[in-house]
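Data first, discussion second: the structure below is written as structure tokens.
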Amino acid sequence: MKSSFLYNSAMLSKKQTRNVYLNTLFSASLPASACWVILLADRGFSLVEIGIFESIFHLTSFSFEIPSGMIADIFGKRRCMIASGIALTTSAFFMLIGNTYFNIILAMIFSALGYSFASGAREALVYDTLKAENQTDKYLEFISNDSAIYRLFKAIATLMAGYTRKIGYVSAYFIDIILSSISTLFAFRLKEIKKPLISKPLLNDIKNAFITTALNSFNFLLRNHKASFIIIINALCGVFAVLLSFFLQPYLTENGVDGIYLGIALFIISLGGAFGSKCAVLTSKISYPKVLILSVISITLCFLMIFTKLPLIMIICGFIASFFDDIIEIRSNTTLNEMIPKDERATLISVNSFTYSVFMIIMSPVIGWLFEIL
Numbered sequence: 001m002k003s004s005f006l007y008n009s010a011m012l013s014k015k016q017t018r019n020v021y022l023n024t025l026f027s028a029s030l031p032a033s034a035c036w037v038i039l040l041a042d043r044g045f046s047l048v049e050i051g052i053f054e055s056i057f058h059l060t061s062f063s064f065e066i067p068s069g070m071i072a073d074i075f076g077k078r079r080c081m082i083a084s085g086i087a088l089t090t091s092a093f094f095m096l097i098g099n100t101y102f103n104i105i106l107a108m109i110f111s112a113l114g115y116s117f118a119s120g121a122r123e124a125l126v127y128d129t130l131k132a133e134n135q136t137d138k139y140l141e142f143i144s145n146d147s148a149i150y151r152l153f154k155a156i157a158t159l160m161a162g163y164t165r166k167i168g169y170v171s172a173y174f175i176d177i178i179l180s181s182i183s184t185l186f187a188f189r190l191k192e193i194k195k196p197l198i199s200k201p202l203l204n205d206i207k208n209a210f211i212t213t214a215l216n217s218f219n220f221l222l223r224n225h226k227a228s229f230i231i232i233i234n235a236l237c238g239v240f241a242v243l244l245s246f247f248l249q250p251y252l253t254e255n256g257v258d259g260i261y262l263g264i265a266l267f268i269i270s271l272g273g274a275f276g277s278k279c280a281v282l283t284s285k286i287s288y289p290k291v292l293i294l295s296v297i298s299i300t301l302c303f304l305m306i307f308t309k310l311p312l313i314m315i316i317c318g319f320i321a322s323f324f325d326d327i328i329e330i331r332s333n334t335t336l337n338e339m340i341p342k343d344e345r346a347t348l349i350s351v352n353s354f355t356y357s358v359f360m361i362i363m364s365p366v367i368g369w370l371f372e373i374l
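For the record, in the sequence shown the residue sitting at position 4 is 4 according to the working numbering, with numbers rising by one throughout.
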């Protein structure tokens, strides 16, 4: 007899994927989350303070990302998805109720938890479902559809940035609460496929997993010089491109881009990454060092050109930086996978995440300070 945790149905995969798609749709559609930097700037926070909040987000995400797979296995992937929705709703609530450092920090912590709880759990739950029905060949289709839904509705939320700013942060975060709550309801409709592992020494397991992965990451970087260089330079490109797009939000409004034009500008910038992902394949015949040099020079120049404070230049540079960031990320990951033995690829994933998070924690307030003084 099957465990009560298992859900036996020939049509489960369709119901499961449909609920995951709807969960993704509503969690990606949060208008305030799409332009949180400019909403905080409107509330009187400096770019340095916003950078510190971003560091807190990444510190929390970094701390929970490493053992997130273990948490999903212990408590169940469905529960992690539910916890993700509750955390995002709680984050919006703290953003709404007050304008204090304490409330914003709590909001950033819960926002990071929301992303960490869902990270991996969503994909693993669908894969388990398809595997139970011998339909793992449909997994790639799911990943493609889920990513497309996320990008589309995130882009729509970004396009509405001007309107979101106009209605104010209270109304915007109230909408976020409603949409994230609906997203959570679809998480409740998911079914657990594998019985969660109940582990008594939970805290010790998570602590040990964190320490082990952190040590493995440091050892990996010290041992593999060429790989560590690629990981570090790729992380730096990502940090500068992502933070540039974040801090462009208030920078554009200060220089006359507002209303519907702000949404269009941020939407154009976000398209840079999508085009970069598609064009990365076209660079396959160009050597990695040449692509790396071109990407580093382009992102650096775009970052410096932002300080001209010319709206058209800022939008173009934001697009180009996002474009080359996605290209170098895809080429770096491909190059690293070709260099690293298959038994070290799991470590490679954690090292990438580890390095990027460390740089984001350090650089967020620094780049915020640069935008503040220039």
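Virtual Cβ for every residue (Gly too), placed ideally from N, Cα, C.
For the candidate residues 322, 293, 253, 235, whose alpha-carbon lies nearest to that of residue 309? Residue mapping note: residue 309 aligns to position 309 of the sequence shown, counting from 1. Nearest option by C-alpha distance: 253.
Measure the C-alpha to C-alpha separation of residue 32 and residue 114 and round it to an integer number of angstroms. As a working note, residue 32 is residue 32 in the sequence shown. As a working note, residue 114 is residue 114 in the sequence shown. One alpha carbon belongs to residue 32, the other to residue 114, and they sit about 15 Å apart.
Unbroken stretches of the alpha helix (DSSP H), 4 residues or longer, contained in the segment 27-68: As far as the segment 27-68 is concerned, its whole alpha helix (DSSP H) runs of at least 4 residues are 31-34, 36-42, 47-65.
Beta-carbon proximity check, residue 103 vs residue 94, cutoff 8 Å: Here residue 103 refers to the residue found at position 103 of the sequence shown. Here residue 94 refers to the residue found at position 94 of the sequence shown. Yes. Within cutoff.
Please classify residue 357: does DSSP put it in a helix, a strand, or coil? One-based indexing of the sequence shown puts residue 357 at position 357. Looking at residue 357 - three-state DSSP - the assignment turns out to be helix.
According to DSSP, is residue 95 part of a helix, a strand, or is it coil? Against the sequence shown, residue 95 aligns to sequence position 95. Here residue 95 sits in helix by DSSP.
Sequence-distant residues of its chain with Cβ nearer than 7 Å to residue 153 (five each side left out): Looking up residue 153 in the sequence shown gives position 153. Sequence-distant partners of residue 153 (beyond 5 residues in either direction) whose C-beta falls short of 7 Å from its own C-beta, in its chain, are 25, 28, 29.
Taking contact to mean at least 3 C-beta pairs separated by less than 8 Å, is the segment 253-266 in contact with the segment 173-191? no
The alpha helix (DSSP H) enclosing residue 151, as first and last residue numbers: One-based indexing of the sequence shown puts residue 151 at position 151. Element bounds for residue 151: 139-159.
Taking just the CA atoms, how far does residue 87 sit from residue 105? Residue mapping note: residue 105 aligns to position 105 of the sequence shown, counting from 1. Residue mapping note: residue 87 aligns to position 87 of the sequence shown, counting from 1. About 13 Å.
Please name the residue in 315, 240, 139, 358 whose C-alpha comes closest to that of residue 329. The residue given as residue 329 occupies position 329 in the sequence shown. Here the closest residue by C-alpha is 240.
Between the segment 144-158 and the segment 78-92, do three or more beta carbon pairs fall short of 8 Å? no
Backbone secondary structure at residue 244 - three-state DSSP: Taking the sequence shown and counting its residues from 1, the one referred to as residue 244 is at position 244. Helix.
Cutting at 6 Å between CB atoms, please list the residues of its own chain near residue 108, excluding the five before and the five after it. If you number the sequence shown from 1, residue 108 lands on position 108. For residue 108, where only same-chain residues beyond five positions count, the Cβ hits under 6 Å are 53, 56, 57.
Buried or exposed for residue 352, please, with buried defined as at least 16 other CB atoms from any protein chain shown within 10 angstroms of its CB. Taking the sequence shown and counting its residues from 1, the one referred to as residue 352 is at position 352. Flag for residue 352 reads buried.
Provide the residue span of the alpha helix (DSSP H) that contains residue 276, from first to last. Position 276 of the sequence shown, counted from the first residue, corresponds to residue 276. Its alpha helix (DSSP H) spans residues 260-279.
Where do the N-terminal and C-terminal ends of the alpha helix (DSSP H) with residue 111 fall, by residue? For the purposes of this step, residue 111 is identified with residue 111 of the sequence shown, where counting begins at 1. Counting along the chain, the alpha helix (DSSP H) containing residue 111 begins and ends at 101-118.
Reducing DSSP to helix, strand and coil, say where residue 329 ends up. Residue 329 sits at position 329 when you count from the first residue of the sequence shown. Reduced to three states, the DSSP call for residue 329 is helix.
Figure out for me which residue from 283, 91, 367, 302 has the closest Cα to the Cα of residue 335. The sequence position of residue 335 within the sequence shown is 335, counting from 1. Answer by Cα proximity: 283.
Which of helix, strand or coil does DSSP assign to residue 309? Indexing the sequence shown from 1 puts residue 309 at position 309. Three-state DSSP puts residue 309 in coil, outside helix and strand.
Tell me which same chain residues have a C-beta within less than 7 Å of the C-beta of residue 132, skipping the five on either side of it? The count along the sequence shown starts at 1 and reaches residue 132 at position 132. Correct list, in chain order: 193.
On the three-state DSSP scale, how would you describe residue 7? Taking the sequence shown and counting its residues from 1, one reaches residue 7 at position 7. Residue placement at residue 7 is poorly supported in this model, since its pLDDT is 45, which falls under 50; the coordinates still yield a value, given next. Coil.
Whether residue 365 touches residue 20 by CB criterion (8 Å): Within the sequence shown, numbered from 1, the residue matching residue 365 stands at position 365. Within the sequence shown, numbered from 1, the residue matching residue 20 stands at position 20. No, they are not a contact pair.
Taking the C-alpha atoms as reference points, what is the distance between residue 376 and residue 208? No answer is possible for residue 376: the residues shown for the chain start at 1 and end at 374.
From the DSSP output, in three-state form, read off residue 340 for me. Here residue 340 is taken as the residue at index 340 of the sequence shown, counted from 1. Looking at residue 340 - three-state DSSP - the assignment turns out to be coil, as it is neither helix nor strand.
Which of the three DSSP states, helix, strand or coil, is assigned to residue 15? Counting from one through the sequence shown, the residue named residue 15 turns up at place 15. Of the three classes helix, strand and coil, the one that applies to residue 15 here is helix, per DSSP.
Alpha helix (DSSP H) segment containing residue 131, residue limits: Sequence index remark: in the sequence shown, residue 131 carries index 131 (1-based). Here the alpha helix (DSSP H) through residue 131 covers 121-132.
Contacts around residue 332, its chain only, beta-carbon distance under 7 Å, and the 5 residues preceding and following it disregarded: Here residue 332 refers to the residue found at position 332 when the sequence shown is read from its first residue. For residue 332, where only same-chain residues beyond five positions count, the Cβ hits under 7 Å are 230, 234.
With a threshold of 8 Å on Cβ separation, who are the neighbours of residue 129 within its own chain once the five nearest residues in sequence on each side are excluded? For the purposes of this step, residue 129 is taken as the residue at position 129 of the sequence shown. Contacts found: 12, 13, 16, 17, 191, 193.
Given residue 275 as reference, the closest of 326, 211, 305 once Cα atoms are compared: Residue 275 sits at position 275 when you count from the first residue of the sequence shown. Of the listed residues, the one whose Cα sits closest to residue 275 is 326.
What's the call for residue 249, buried or exposed, on a 16-neighbour Cβ count within 10 Å? Here residue 249 corresponds to residue number 249 of the sequence shown, with the count starting at 1. By the neighbour-count rule (16 or more Cβ atoms within 10 Å), residue 249 is buried.
Among 316, 298, 89, which has the Cα closest to the Cα of residue 269? Position 269 of the sequence shown, counted from the first residue, corresponds to residue 269. When each option's Cα is compared against that of residue 269, the closest is 316.
Within 10 angstroms of the Cβ of residue 375, are there 16 or more other Cβ atoms? Answer buried if so, exposed if not. Here the chain has residues from 1 to 374 only, and residue 375 is not among them.
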